Amino acid sequence: MTLAEDAIAWYDANARDLPWRQPDTTPWGVLVSEVMLQQTPVVRVEPAWRAWMTRWPTPAALAADPPSEAIRMWGRLGYPRRAMRLHACAVAMVERHGGDVPSDLDQLLALPGVGTYTGRAVATFAYGQRHPVVDTNVRRVVSRAVEGKPDAGPNTTAADLAAVEELLPSDAAKAARASIAFMEIGALVCTARSPRCADCPFEAICAWRLDGSPPLDGPSRKPQRYAGTDRQVRGLLLEVLRHATGPVPKQRLDLVWTDEVQRARALSGLVEDGLVEPFGGSFVLAGDSPEVQIL
DNA sequence: GAAACGTGGTT
DNA sequence: TAACCAAGTTT
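Each residue of the first sequence is one higher than the one before, starting from 1 at the first, in full-length UniProt numbering.
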């Protein structure tokens, strides 16, 4: 049995029943799930994905609504620029691909918000192509099982893609199965903090395990602060704007944060990023038409 | 390559 | 409780 075959066998017996894994899921459904799952846990994505797909079953449906609606629908998934990019994706797909999610990897990668991981994930899971699909789970699993290292680097490198490519079966369908299996093992068993090695299909051959599971020695990565950052202030501002039914006066936004300098920086940042638009002395979510709001 | 970018649950 | 962690992308 190869590593990939072991992984597939484990996946067949242990995979979670997630809605976007249903065989009738469209490429659009796969894309939406992949974008939502960028840095957001599965448990929070699941209900959001269902609601999103019900409202916008196709790229054309989303493209017909303003970005503000996408930002609202995004709710509290975090990184709301993803909602904006997904909307931009939908518009681009209508303009360039007849409203379809492209199957060509380069065309996928050209879409806003679609990077190395997401592009390959869609090409693989939605279209059955053979590509290395490398996310943080896969990097950790391969790092441990194959390379014997306790953890992987923070970002996917060309070397990571090449290493995973070597592990994939030549058959595209099996390769796709192996990729989702590697991810699932990383998510459920070979976890970052407390791996459940006793339940791991690679237990007997895992290089890290065979080496005594040495801990990470090097300098730990920088802790990600949140409290007091611009990100928090942006979040607070956006929270107000999401719930607003019309333009929000700047005086209202001034209430979310006392530090005027930081508040102004956060607001202008949101405007620069295209999430928010000024409207007179007020502000609205991008694409929100004040005329419509009055109705 | 580092830093920015949200949010909430777990340890 | 502070830090860690969660299917990354962009600049």
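Every residue, glycine too, gets a C-beta built ideally from N, C-alpha and C. In this text the structure is predicted, and so the values were computed from the model without any measurement.
8 angstroms Cβ cutoff met for residue i and residue j
| i | j | result |
| --- | --- | --- |
| Val-164 | Val-142 | yes |
| Pro-247 | Val-276 | no |
| Trp-208 | Gly-148 | yes |
| Gly-113 | Ala-60 | no |
| Val-42 | Leu-18 | yes |
| Pro-150 | Leu-109 | no |
| Ala-266 | Asp-230 | yes |
| Pro-201 | Ala-9 | yes |
| residue 353 | Val-32 | Look at the range of the chain in this structure, 1 to 295, and you will see that residue 353 is not part of it. |
Where residue i falls, given that 16 or more other Cβ within 10 Å makes a residue buried
| i | result |
| --- | --- |
| Met-1 | exposed |
| Glu-34 | buried |
| Arg-76 | exposed |
| Leu-295 | Low per-residue confidence applies at Leu-295: pLDDT is 49, beneath 50, and the placement is therefore not dependable, though the value from the model is reported in the following sentence. The residue in question, Leu-295, is exposed, as its Cβ has fewer than 16 Cβ neighbours within 10 Å. |
| Val-261 | exposed |
| Ala-7 | buried |
| His-131 | buried |
| Arg-193 | exposed |
| Phe-182 | buried |
| Gly-29 | buried |
| Arg-228 | Correcting the residue type first, residue 228 is Gly in the shown sequence and not Arg. By the 10 Å Cβ count, Gly-228 comes out exposed. |
| Gly-119 | buried |
| Ala-92 | buried |
| Leu-255 | exposed |
Same chain only: Cβ atoms within 8 angstroms of residue i, ignoring 5 sequence neighbours per side
| i | result |
| --- | --- |
| Gly-128 | Ala-172, Ala-173 and Ala-176 |
| Tyr-79 | Gln-38, Gln-39 and Thr-40 |
| Ala-159 | none |
Same chain, Cβ closer than 6 angstroms to residue i, neighbours up to 5 away in sequence not counted
| i | result |
| --- | --- |
| Arg-96 | none |
| Pro-66 | Gly-287 |
| Lys-250 | Gly-281 |
Pairwise C-alpha distance: residue j and residue i
| i | j | result |
| --- | --- | --- |
| Thr-156 | Cys-206 | 21 angstroms |
| Ala-63 | Val-94 | 7 angstroms |
| Tyr-117 | Leu-3 | 21 angstroms |
| Arg-72 | Pro-27 | 23 angstroms |
| Glu-166 | His-243 | 49 angstroms |
| Thr-20 | Glu-46 | The displayed chain sequence assigns Trp, not Thr, to residue 20. Roughly 9 angstroms separates the two Cα atoms. |
| Glu-291 | Ala-70 | 19 angstroms |
| Ala-204 | Ala-162 | 24 angstroms |
| Pro-169 | Ser-268 | 49 angstroms |
| Ala-48 | Trp-74 | 7 angstroms |
| Asp-12 | Trp-257 | 50 angstroms |
| Pro-278 | Arg-263 | 15 angstroms |
Spatially closest choice to residue i from the options, by CA coordinates
| i | options | result |
| --- | --- | --- |
| Ala-15 | Thr-136, Ala-286, Ser-179 and Leu-86 | Ser-179 |
| Gly-235 | Arg-81, Leu-111, Ala-145 and Thr-26 | Arg-81 |
| Thr-136 | Ser-103, Leu-188 and Leu-108 | Leu-188 |
| residue 347 | Arg-265, Ala-92, Leu-270 and Pro-223 | Nothing can be reported for residue 347: it is not among the residues displayed for the chain, which extend from 1 to 295. |
| Arg-140 | Gly-186, Ala-13 and Asp-12 | Gly-186 |
| Leu-237 | His-243, Pro-47 and Leu-253 | Leu-253 |
| Thr-25 | Leu-111, Met-53, Val-146 and Pro-102 | Met-53 |
| Pro-23 | Met-84, Lys-222, Ala-126 and Ala-145 | Ala-126 |
| Val-146 | Val-32, Asp-106, Cys-190 and Gly-115 | Cys-190 |
Sequence-distant residues of the same chain with beta carbon closer than 7 angstroms to residue i, five excluded per side
| i | result |
| --- | --- |
| Pro-214 | Pro-150 |
| Thr-124 | His-131, Val-133, Ala-176 and Ser-179 |
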